[in-house]
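Undergrad: At position 242 of the sequence shown (counting the first as 1) the number is 242 in our numbering, and the numbers step up by one without a gap.
Glycine included, each C-beta is placed from N, C-alpha and C at the ideal position.
Submitted below is the structure of interest, expressed as structure tokens.
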Amino acid sequence: MESIQEILILIISGFVAGVINTLAGGGSLLTLPILIFLGLPSNVANGTNRIGILTQSISGTLGYKSKGVSAYPFNIYLGIAASIGALIGAQIAIDIKGELFNRILAIIIIVVGFLIVFKPKDKFKVLKEKTKGKYLIISCIGFFFIGIYGGFINAGIGVVIMLFLTRYNHMTLIKTNAAKVALVAIYTFVALCLFAYNGKVDWIMGLWLSLGTIFGGWFSSRWSVKKGEWVIKLTLLIMVILMAIKLWFF
């Protein structure tokens, strides 16, 4: 039975992570250490964290939809492809750790984060969205591999997803975020099922965490649409720097 203090920590950190994940990505770098600090083994913390990610993603999707922003059915196709990869990644996460991969990811997120934040604005505006035909096929292949990492640990994956959708599919940042939260919800559900099957989920702590992420995802998805892309850019820039430091040194 969690204490009132632990419950408050889970709800508050869940809210902050929900905001961060919806706007950019990297909220798991906050919630995973907190779950471990509260006494969960690393693989159980990894599985438990998926409850918050799932609820926040569903809430964020509904928030974007309430503002008329959706990438359906493109996000469904990508979510299914990522789910296949997530099964592989989640199985790996149940048994091993990924310190070396975290260091590699630290370098990647710095590069891709700055590419998104500092892309030429006028050139980006004239590009036509590419989500059909060969672009859909290549995107599904790409998200299969992205799903492997998503199933493995998920931390920082939002940056990679945003790079792919903005650079390859030429989607705006607002629509990219709408697509991101929907497809993350799909593959996270699949990964969560595998963690749960292997007994690597603390449902009570996960549900308290998810209570915060639900409100964080809903609030940030609607607010970002109202405030515009500069909010996402600022959040993204801050998060890629913090994530890189966290992944490399800790």
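By the three-class DSSP mapping on this structure, what secondary structure does Gly39 have?
TA: coil
Undergrad: Is the stretch 186-202 in contact with the stretch 61-68, if contact means three or more CB pairs nearer than 8 Å?
TA: no
Undergrad: With a cut-off of 8 Å, do at least 3 Cβ pairs link the stretch 168-187 to the stretch 76-88?
TA: yes
Undergrad: Can you list the alpha helix (DSSP H) stretches of 4 or more residues lying completely in the stretch 157-201, in chain order?
TA: Listed in chain order, the alpha helix (DSSP H) runs fully inside the stretch 157-201 are 157-167 and 173-197, counting runs of at least 4 residues.
Undergrad: For the candidate residues Leu163, Gly212 and Gly39, whose alpha-carbon lies nearest to that of Ile53?
TA: Distance from the Cα of Ile53 is smallest, within the candidate group Leu163, Gly212 and Gly39, for Gly212.
Undergrad: Excluding sequence positions up to five away, which residues of its chain have a Cβ less than 6 Å from the Cβ of Asn198?
TA: Spatial neighbours of Asn198 in its own chain (CB-CB distance under 6 Å, excluding positions within 5 residues in sequence) are listed in chain order as Ile94.
Undergrad: Within this structure, are the beta carbons of Ser42 and Ile36 separated by less than 8 Å?
TA: yes
Undergrad: For Arg50, count the other beta carbons within 10 Å of its own beta carbon; 16 or more makes it buried, fewer makes it exposed. Which is it?
TA: buried
Undergrad: How is the alpha helix (DSSP H) around Lys134 delimited, first residue to last?
TA: Lys134 to Phe152
Undergrad: Ile157 and Gly150 look like a contact to me (Cβ under 8 Å); what is the Cβ gap, rounded to whole Å?
TA: 5 Å
Undergrad: By a C-beta neighbour count over all protein chains shown, 10 Å radius and 16 as the cutoff for buried, is Leu8 buried or exposed?
TA: exposed
Undergrad: Helix or strand or just coil, what does DSSP make of Ser57?
TA: helix
Undergrad: Is the separation between the beta-carbon of Phe144 and that of Gly85 shorter than 8 Å?
TA: yes
Undergrad: Rank Ile146, Phe152, Ala71 and Ile58 by C-alpha distance to the C-alpha of Gly89 and give the top, closest one.
TA: Phe152
Undergrad: What's the C-alpha gap between Val201 and Glu99?
TA: Looking at the two C-alpha atoms, the distance is approximately 22 Å.
Undergrad: Residues in its own chain within less than 7 Å of Leu58 by CB, not counting five upstream and five downstream?
TA: Contrary to the premise, residue 58 reads as Ile rather than Leu in this sequence. Beyond the five residues adjoining it in sequence on each side, Ile58 comes within less than 7 Å, by CB distance, of Ala185 in the same chain, given in chain order.
Undergrad: Looking at C-alpha atoms only, which residue of Ile11, Pro33 and Val44 is the closest neighbour of Gln56?
TA: Ile11
Undergrad: Roughly how many angstroms separate the alpha carbons of Lys123 and Ile174, rounded to a whole number?
TA: Note on Lys123: pLDDT 49, under 50, position unreliable in the model; the coordinate value appears next. Taking the straight line from one Cα to the other gives about 17 Å.
Undergrad: Compute the Euclidean distance between the alpha carbons of Lys130 and Ile241, then round it to the nearest angstrom.
TA: 29 Å
Undergrad: Of the choices Gly39, Leu163, Ala71 and Ile137, whose alpha-carbon is the least far from that of Ala178?
TA: Here the closest residue by C-alpha is Ala71.
Undergrad: In angstroms with no decimal places, state the Cα-to-Cα distance between Leu302 and Leu38.
TA: This structure leaves residue 302 out entirely; the chain is present only between 1 and 250.
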